[in-house]
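> Pasting in a structure now, in structure tokens, and then I'll have a few things to ask.
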Amino acid sequence: MGVERLRVLREFADRGTVAEVARALSMTPSAVSQQLKVLAREAGVALLEPDGRRVRLTDAGRALVVRADDVLAAMERAAAEMALYRRSPRGRVRVALFPSGAALLLPRVLAALAGSGVEVTARDEDVPPTEVPRLLADYDVVLTHRDERASSIAGPRVHATVLMREPIDVVVPPGHRLADHGAVVPAELAEETWLSVRGGFPVDDVLRSIATVTGVQPRIAQRLNDFLVIEELVASGYGVALMPRFSVRHPELAVLRLAGVRSARLYELATRPHAESRPAIATVLNAFRTAAGAVTASDLPTHQTH
């Protein structure tokens, strides 16, 4: 079975349609279909089956995708070994990050990589953890976040490692009845108006935990995924919010620890299996680990809790 045809099959598994594969690989749809037909003949078994007006992978096709990952990873390891002979990691590494994680870590990562010969091309991608695997079709490394009680996204086609833990706190405006409390319990928040993020993200998971503890459905005035906007709305008196500790920047907000509920998010680095065998990717992953260590060892956040 040809390596390039296995690559086409993996792209189909990642992208779901022949048209999307064609766009990603700069091929025509008919050329993609032809490559998949040839691969099926080489495998001696049907790899695709009708699914309405489209096609989908058969059980055999899905099994072959996992093996295709192994073959392509082996090819990448071979390329990596050759890179080692050239003494230093070099090349471009594509990285996707959620925005608040990018603001916290990316400057440190880029500083660590300066002069290394490794170029990072970064892009913000704010998606729930369940959607991270599809990002690996376009990125070498994905920095994602999840509620600490949620399962890891690791699987047969995704390698994931926890990078750091960040507590999620309650922020209230100046003059709020709880502003001088060092910590609050869920019962004290039952009647508040909330400014939250979209569903599926760690902050919303914690808010749902508060609802479970109090038995009161939270009154959510706005759902926004930009923490700077949330901070401004809280400071203006439009509600209270849950925010990751290291994202709080507004100098007037009171930051309160949340007691009685597990409230933190985990940063995870996701790659294809064996991706770290490539020196350039390993260098980027190590830069993220160093950056995360510096953050958790420092005095962040600079804005103190009241």
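For the sequence shown, our numbering assigns the number 3 to the initial residue and increments by one for each residue that follows.
Ideal placement from N, C-alpha and C gives every residue a C-beta, glycine not left out.
Remember, predicted model here, so these are calculated numbers, not experimental data.
#1: Which one or two residues does DSSP pair with D171 in a beta bridge?
#2: Assign M166 to one of three DSSP states: helix, strand, or coil.
#3: When burial is assigned at 16 or more other CB atoms within 10 Å of the CB, is T304 buried or exposed?
#4: Do the segment 64-72 and the segment 208-217 meet, that is, are 3 or more Cβ pairs less than 8 Å apart?
#5: Pick from H147, S102, L59: whose alpha carbon is nearest that of V231?
#6: I'd like the list of long-range same chain contacts for A294, defined as Cβ closer than 8 Å, with 5 residues on each side in sequence excluded.
#7: What separation, rounded to the nearest whole angstrom, lies between the Cα atoms of R92 and P246?
#8: When DSSP labels each residue in this structure, what does L272 get in the three-state scheme?
#9: Does the distance from the CB of T285 to the CB of V120 come in under 8 Å?
#10: Determine the contact status of V205 and L244, defining contact as a CB-CB distance below 8 Å.
#11: Roughly how many angstroms lie between the CA atoms of R25 and S279, to the nearest whole one?
#12: Can you have a look at G241 and say buried or exposed, based on whether 16 or more other CB atoms are within 10 angstroms of its CB?
#13: Decide if P52 is buried, meaning its Cβ has at least 16 other Cβ atoms within 10 Å, or exposed.
#14: Is DSSP giving T123 helix, strand or coil here?
#15: Within the continuous beta strand (DSSP E) that includes V144, where are the two ends?
#16: With three or more beta-carbon pairs closer than 8 Å as the criterion, would you say the segment 125-134 touches the segment 251-262?
#17: Can you tell me where the alpha helix (DSSP H) with L209 in it begins and where it stops?
#18: Terminal residues of the continuous alpha helix (DSSP H) containing L108?
For this structure:
#1: M245
#2: strand
#3: Because the pLDDT of T304 is 42, which lies under 50, any placement of that residue in the model is unreliable, and the question is left without a value.
#4: no
#5: S102
#6: L107, L165, M166, Y269
#7: 34 Å
#8: The amino acid at residue 272 is misidentified as Leu; the sequence shows Ala. DSSP places A272 in the strand class (E or B) of the three-state scheme.
#9: Yes. Within cutoff.
#10: yes
#11: 28 Å
#12: buried
#13: exposed
#14: T123 falls in the strand class under three-state DSSP.
#15: 143-149
#16: They do not touch, by the three-pair rule.
#17: Run containing L209: 204-216, per the alpha helix (DSSP H) assignment.
#18: 101-115
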